[in-house]
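> Here it is: the structure, laid out below.
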Amino acid sequence: FLFCKLFLAMHEESDDWPDEFMCPITLLPMKDPVVLSDGHSYERSELVVWLHNKDTSPKTNETLEHKLFFTNHNLITSIARFRERAGDRSDSVLSRYRVFRRT
87 FLFCKLFLAM
97 HEESDDWPDE
107 FMCPITLLPM
117 KDPVVLSDGH
127 SYERSELVVW
137 LHNKDTSPKT
147 NETLEHKLFF
157 TNHNLITSIA
167 RFRERAGDRS
177 DSVLSRYRVF
187 RRT
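In the numbering used here, each residue's number is its place in the sequence shown (first place is 1) plus 86.
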């Protein structure tokens with residue numbers, strides 16, 4: 087029940103976010119985006135888990151040439167600007183999500 091309420095709250099608040107700020111794995115706004123060798127950006131922590139278990143792109147499901155990824159500094163800056171303009175409404179829900187995931 088708690089998970090359902092939390093998921094709905096996160097989904098409501100993420101509706102206003104541009105698609106390019108959303109992680110293709112979680113469908114939630116990214117906080118620590120990285121670029122994978124497939125050219126797409128993902129949330130770092132989710133990508134690490136994905137790559138631990140698979141050797142395919144989370145977005146295309148094609149086999150990756152390698153599993154290297156790099157911090158997406160431009161996307162971090164864009165997301166930070168968006169959060170400032172939005173009044174940082176999403177942080178409270180995302181921080182609850184992170185706490186929930188750790189337990």
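Where a beta carbon is used, it is the ideal one built from N, C-alpha and C, also for glycine.
#1: Thinking P216 and K145 are a contact (beta carbons under 8 Å), I'd like their distance in whole angstroms, please.
#2: Along the chain, where does the alpha helix (DSSP H) that runs through L137 open and close?
#3: Indicate whether N150 and S123 have their beta-carbon atoms separated by less than 8 Å.
#4: Do you know offhand how far E132's Cα is from A172's?
#5: Grab me the residues of F156's own chain with a C-beta within less than 7 Å of its C-beta, minus the 5 sequence neighbours each way, in chain order.
So, to answer that:
#1: No answer is possible for residue 216: the residues shown for the chain start at 87 and end at 189.
#2: Reading the sequence shown from its first residue, position 51 is the one you call residue 137. Its alpha helix (DSSP H) spans residues R130 to N139.
#3: Here the question's residue 150 lines up with position 64 in the sequence shown. Here the question's residue 123 lines up with position 37 in the sequence shown. Before going further, note that residue 150 is Leu rather than Asn in the sequence given. Cβ distance < 8 Å, so L150 and S123 count as in contact.
#4: The sequence position of residue 132 within the sequence shown is 46, counting from 1. The sequence position of residue 172 within the sequence shown is 86, counting from 1. Distance from the CA atom of E132 to the CA atom of A172, rounded to whole angstroms, is 24 Å.
#5: Stepping through the sequence shown from its first residue, residue 156 is reached at position 70. So the list reads V120 and V121, once near-sequence residues are dropped.
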